[in-house]
Each structure stands twice: as structure tokens, then as C-alpha cells.
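Student: This is the structure I have questions about; it appears just below.
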Amino acid sequence: QKEVEQDPGPLSVPEGAIVSLNCTYSNSAFQYFMWYRQYSRKGPELLMYTYSSGNKEDGRFTAQVDKSSKYISLFIRDSQPSDSATYLCAMRFSGGYNKLIFGAGTRLAVHP
Amino acid sequence: DTGVSQNPRHKITKRGQNVTFRCDPISEHNRLYWYRQTLGQGPEFLTYFQNEAQLEKSRLLSDRFSAERPKGSFSTLEIQRTEQGDSAMYLCASSSWLSKEETQYFGPGTRLLVL
Chain Y
3 QKEVEQDPGP
13 LSVPEGAIVS
23 LNCTYSNSAF
33 QYFMWYRQYS
43 RKGPELLMYT
53 YSSGNKEDGR
63 FTAQVDKSSK
73 YISLFIRDSQ
83 PSDSATYLCA
93 MRFSGGYNKL
103 IFGAGTRLAV
113 HP
Chain U
626 DTGVSQNPRH
636 KITKRGQNVT
646 FRCDPISEHN
656 RLYWYRQTLG
666 QGPEFLTYFQ
676 NEAQLEKSRL
686 LSDRFSAERP
696 KGSFSTLEIQ
706 RTEQGDSAMY
716 LCASSSWLSK
726 EETQYFGPGT
736 RLLVL
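So the protein sequences, as listed, match chains Y and U. Heads up: the first sequence begins at 3 in the numbering used here, then just goes up one per residue. Heads up: the second sequence begins at 626 in the numbering used here, then just goes up one per residue.
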């Protein structure tokens, strides 16, 4: 079993839809949670960063962390075709060498 | 701040050849990471440098792989006697210990194809 599970999709939605992306994890020691966006053949780009449990909002993006359920989510409001990409969840422990553990990524397609 | 750069962007080689990739981190970032990403998967951690010291290596980093970061600036990742299974995107990331969140910024990657 992988430490971080993420549905690979693909997920196809119409422009303007609310998108929900999720990851589950098994190690309760994870403290930092991130969402990266990766366009085809490019490096990952950080979208959201959350420490421990709670919500964080940035423009059209909202990240939620529920440590009791070992579940994290990313919501995208008013989705645009430019949001079409692969979304990777990532997490790391507190202290140590800060290596990131990634999910497999969810491919999202937003069609006009 | 020009971001993390990686060279070459693409590399095609024949099985058994040696290849070397270079990563230039964001200036003044003292932490540097290498990850490997195969098709349909998320990046997997390979190794980590703090300044010039290599502090952690993944089990994925077999004896054929070696990484260096002389003088704590750029880093190189060498793969000796390449195998078809080495075909992947090799990603470099850097971060600063001075940053509270220690966000890792990724480069564009080097895509390796072993024939």
C-alpha cells in the first residue's frame, strides 16, 4: 500500500464547474501538506501549502486538511480551461530532511 | 531569482551508456533535492543535499546512480550503464532553510529515454 493514495482520474468537467480533488494517506506523522500543479512535460508548480489541519484559501483555490481522517482536498472554483493539468498532492514530516511524498496525481481536463 | 534550471531538457541514450544531468538551484537556496517521475506517477524522492553534504539517499538510488553538489552550488546526477528502466523525468528542486515553510521549487526536469 502506498503512503499517499490519489485517484489518477482523468477528471473531465465543463468550464465554470467546481472541482474537488482528494488524497488519503496512511502515516499520521505527516504535518505539512501541499498541492502542486503540473502541466504536460513541465516541472511541478506549488499551488497551496497547509500546515497541520484546517483550511486555506487563495483566490479560486481552497485546500482542506483533515488529519483525523488522514484526508486532504483541493477545491477549484469557477474552473477554467487553463486549469487543465495534473494535480499532485504532496506531504512531508516535521523536521528531518523535508523530502516530499507525492500522490500519483489526478489529471484534470476543463472543457469550454 | 531565475528559478531552478536543469540541463539538458531531453536526453536520448542507448542502453549501457553513461549520462549526466545538471541542476542549478535558486541562488542562495542551500537545500537541493532530486526526484524521479515515471509516466502516470508522482515524483519519487532520490536524494537530498544540504549545502555540499549529501544527507539522504533513497533505496531507489542504486549503485549506478551518483549525485554530487560541489561547493554547495549546482548539482549533477550521473547514471552509469543506463537501463531501459531508467527512462523517466528527473526533477530537481531547491529550498531555503531560512524560509519558514521551506517550500520546494522545482525545475522543468530532464526527460531521459534509454533505448
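All residues carry an ideal CB built from backbone N, CA and C; glycine is no exception.
For Lys682 of chain U, name the three-state secondary structure that DSSP assigns.
Tutor: Looking at Lys682 of chain U - three-state DSSP - the assignment turns out to be strand.
Student: Kindly provide the ranges of any alpha helix (DSSP H) runs that are 4 or more residues long and lie completely inside the region 22-61 of chain Y, ordered along the chain.
Tutor: Fully enclosed alpha helix (DSSP H) runs of 4 or longer: not present.
Student: Let's test the definition: count the other Cβ atoms within 10 Å of the Cβ of Asp80 of chain Y and tell me whether it reaches 16, buried, or not, exposed.
Tutor: Asp80 of chain Y is exposed by the Cβ-count criterion.
Student: Under 9 Å, do Val112 of chain Y and Val15 of chain Y count as touching if we go by C-beta distance?
Tutor: In this structure, Val15 of chain Y lies closer than 9 Å to Val112 of chain Y by Cβ.
Student: Which residues in chain Y sit within 7 Å of Pro733 of chain U, going by Cβ to Cβ distance?
Tutor: Correct list: Lys44, Gly45.
Student: How about Gly665 of chain U: is its C-beta nearer than 9 Å to some C-beta of chain Y?
Tutor: Yes, its Cβ sits closer than 9 Å to a Cβ of chain Y.
Student: Need the endpoints of the beta strand (DSSP E) that Ser71 of chain Y sits in, please.
Tutor: Neither: Ser71 of chain Y is in no beta strand (DSSP E) and is coded neither H nor E.
Student: Return the chain-ordered list of same chain residues with a C-beta closer than 6 Å to the C-beta of Gly107 of chain Y, the five sequence neighbours on each side being excluded.
Tutor: For Gly107 of chain Y, where only same-chain residues beyond five positions count, the Cβ hits under 6 Å are Thr88, Leu90.
Student: Note down, in chain order, every chain U residue with its Cβ under 9 Å from the Cβ of Pro114 of chain Y.
Tutor: What Pro114 of chain Y touches in chain U: nothing, since even the nearest Cβ is about 26 Å away.
Student: Report yes if the C-beta distance between Asn24 of chain Y and Leu76 of chain Y is below 9 Å; otherwise report no.
Tutor: Result yes, Cβ atoms of Asn24 of chain Y and Leu76 of chain Y sit closer than 9 Å.
Student: So with CB distances below 8 Å, who are the chain U contacts of Asn119 of chain Y?
Tutor: Nothing in the structure corresponds to residue 119 of chain Y, since chain Y is present only between 3 and 114.
Student: Please work out which residues of its chain come closer than 8 Å, Cβ to Cβ, to Glu727 of chain U, disregarding the five sequence neighbours upstream and downstream, and give them in chain order.
Tutor: Cβ within range, chain order: Arg656, Ser720, Ser721.
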